[in-house]
Amino acid sequence: MYRQKSSSLMLFEEKIKLAKGLFEGIFSEFECFKSPLNAYRTRAEFGFYKDEGGLFYAMFDPKTKKKFIIEDFELAVLPIQAMMKSLLSELNLRLTLTYKLFGAEFLATKNDLSVSLLYHTDINALSFELDDLSQKLNLKLIARSKGKKLVFKGESLLQSLEIQGKTWLYELNNDCFIQPNTAINEIMIKWLLDKLATHTRDDLLEPYCGYGNFTLPLSLMFRKVLATELSKTNINFALKNASLNKAQNVNFARLSSKELMKALRGEREFYRLKGIDLKDFTFSHIFVDPPRAGLEEELLSFVAEFSNIIYISCNPQTLKRDLTVLLKTHKISNFALFDQFAKTPHLECGVILSKI
Ligand SMILES: C[S@@+](CC[C@H](N)C(=O)[O-])C[C@H]1O[C@@H](n2cnc3c(N)ncnc32)[C@H](O)[C@@H]1O
Numbered sequence: 001m002y003r004q005k006s007s008s009l010m011l012f013e014e015k016i017k018l019a020k021g022l023f024e025g026i027f028s029e030f031e032c033f034k035s036p037l038n039a040y041r042t043r044a045e046f047g048f049y050k051d052e053g054g055l056f057y058a059m060f061d062p063k064t065k066k067k068f069i070i071e072d073f074e075l076a077v078l079p080i081q082a083m084m085k086s087l088l089s090e091l092n093l094r095l096t097l098t099y100k101l102f103g104a105e106f107l108a109t110k111n112d113l114s115v116s117l118l119y120h121t122d123i124n125a126l127s128f129e130l131d132d133l134s135q136k137l138n139l140k141l142i143a144r145s146k147g148k149k150l151v152f153k154g155e156s157l158l159q160s161l162e163i164q165g166k167t168w169l170y171e172l173n174n175d176c177f178i179q180p181n182t183a184i185n186e187i188m189i190k191w192l193l194d195k196l197a198t199h200t201r202d203d204l205l206e207p208y209c210g211y212g213n214f215t216l217p218l219s220l221m222f223r224k225v226l227a228t229e230l231s232k233t234n235i236n237f238a239l240k241n242a243s244l245n246k247a248q249n250v251n252f253a254r255l256s257s258k259e260l261m262k263a264l265r266g267e268r269e270f271y272r273l274k275g276i277d278l279k280d281f282t283f284s285h286i287f288v289d290p291p292r293a294g295l296e297e298e299l300l301s302f303v304a305e306f307s308n309i310i311y312i313s314c315n316p317q318t319l320k321r322d323l324t325v326l327l328k329t330h331k332i333s334n335f336a337l338f339d340q341f342a343k344t345p346h347l348e349c350g351v352i353l354s355k356i
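Under my numbering, think of the first position of the sequence shown as 1, with each following residue one higher.
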């Protein structure tokens with residue numbers, strides 16, 4: 001049984017041991033990839049706590065509501081750690097900006113950083129002060145309250161990944177899904193490219209593509225790629241990122257995984273697939289990187305139709321559940337454990353399967 005420790009500090013060796021137990025009888029030859037232990041997280045979210053001593057970052061236990069004051073957050077990348085301090089000092093000098101302020105979200109890439117401040121009050125009234133704060137800190141600042149959003153200095157961030165000597169550029173923002181550990185993200189993409197090098201490859205189908213994080217480097221390995229995703233923001237950035245990297249063999253479309261399945265089975269036509277000829281694809285591989293809940297039940301039989309399955313998972317429990325079904329038709333050739341969330345109980349897995 002893979003039980004997550006309630007303690008927040010968990011070593012990779014312990015996680016490997018738990019994973020070996022969980023996947024016993026399924027696979028045993030894991031490749032393991034470590035992360036830096038600190039200064040790796042590119043996304044961090046905090047609440048606030050205020051008393052006579054001022055404003056503090058805080059986290060609240062969802063069950064007990066107990067608060068934990070956060071003075072340092074050593075897991076975050078250094079630009080986030082530095083901005084946390086500068087922002088808090090400034091907010092403590094600008095009391096109008098702290099009224100009904102309940103959250104801050106930090107997002108960083110190798111090159112860029114943004115902060116979103118979350119309010120339970122009308123942010124339009126704060127616009128002038130927020131603009132001044134953004135200028136003072138030279139910060140891409142977003143303020144949000146119910147149904148409203150204000151943006152100062154822009155909200156898109158540029159990311160660059162180095163994979164096998166090639167630089168990939170991505171634009172994204174705080175509404176995108178992101179892999180929160182850039183070093184591990186690069187390692188995961190490289191691992192896939194290395195493993196796929198020995199495969200016979202035609203076209204790739206990718207139903208949970210985000211803003212094209214894996215899609216673009218993987219497109220080098222395939223004749224054509226069809227990549228889809230539920231979120232409009234992610235898909236819009238994916239389209240931008242395809243042109244940013246001059247990827248000509250990728251089609252992105254906004255479809256849920258179930259809609260994609262229906263389209264490919266000829267059960268429904270979608271205007272969102274206009275201009276894409278589905279008959280033109282010969283898929284040798286499907287690549288799934290679903291949310292924590294894993295693959296929807298209906299998707300499993302669809303995924304099992306492909307000769308080769310690549311499965312990236314941030315939840316070993318749902319991965320195991322899905323593998324139990326996929327192993328009726330496929331066998332595992334490679335299985336990697338990535339310490340994407342170092343010092344926490346969470347573990348990222350990568351599995352490559354081929355049809356028996
Ligand atoms: C774990 S993320 C992976 C994204 C991408 N592979 C990456 O590395 O950035 C899962 C993605 O699936 C999308 N998603 C969630 N539910 C979906 C669904 N039912 N159909 C299609 N995409 C979905 C989310 O918006 C998210 O971008």
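Every residue, glycine too, gets a C-beta built ideally from N, C-alpha and C.
Check whether the Cβ atoms of residue i and residue j sit closer than 9 Å, and answer yes or no.
i    : j    : result
I142 : S35  : no
I80  : R41  : yes
L326 : I309 : yes
P207 : E229 : yes
S362 : D122 : In the structure as shown, the chain starts at 1 and stops at 356, and residue 362 therefore has no counterpart that could be examined.
G350 : W168 : no
Q248 : L22  : no
R268 : K262 : yes
E45  : E90  : no
A58  : K67  : yes
I377 : K320 : Past the boundaries of the shown model lies residue 377; the chain is included only from 1 to 356, so the question cannot be answered.
S156 : N173 : yes
L299 : K258 : yes
L226 : I276 : yes
Can you have a look at residue i and say buried or exposed, based on whether 16 or more other CB atoms are within 10 angstroms of its CB?
i    : result
Q179 : buried
K148 : exposed
Y99  : exposed
Y271 : exposed
L117 : buried
P217 : buried
N111 : exposed
S7   : A caution first: S7 carries a pLDDT of 45, below 50, which makes its placement in the model unreliable, though a value can still be read off. The residue in question, S7, is exposed, as its Cβ has fewer than 16 Cβ neighbours within 10 Å.
I405 : Outside the shown range of the chain, which is 1 to 356, sits residue 405, and nothing can be said about it.
Can you tell me where the beta strand (DSSP E) holding residue i begins and where it ends?
i    : result
R201 : Run containing R201: none; DSSP gives neither H nor E here.
I332 : 330 to 338
Q159 : 157 to 163
V351 : 348 to 355
S257 : No beta strand (DSSP E) holds S257; the alpha helix (DSSP H) holding it covers 257 to 264.
S284 : 283 to 288
Starting from residue i, follow its DSSP beta bridges and name the residues at the other end.
i    : result
V151 : I142
M59  : F68
I26  : Its beta-bridge partners do not exist; DSSP assigns none.
V225 : L204, V250
Specify the secondary structure class of residue i as computed by DSSP and reduced to three states.
i    : result
D51  : strand
N249 : coil
K43  : According to the sequence displayed, residue 43 carries Arg and not Lys. Correct three-state label for R43: strand.
L113 : strand
L359 : With the chain covering only 1 through 356, there is no way to say anything about residue 359.
R272 : helix
F106 : strand
V303 : helix
Name the two residues that bound the continuous alpha helix (DSSP H) containing residue i.
i    : result
G21  : 12 to 22
T167 : No alpha helix (DSSP H) holds T167; the beta strand (DSSP E) holding it covers 166 to 172.
N241 : 232 to 244
L9   : No alpha helix (DSSP H) contains L9, which DSSP labels as neither H nor E.
S219 : 215 to 219
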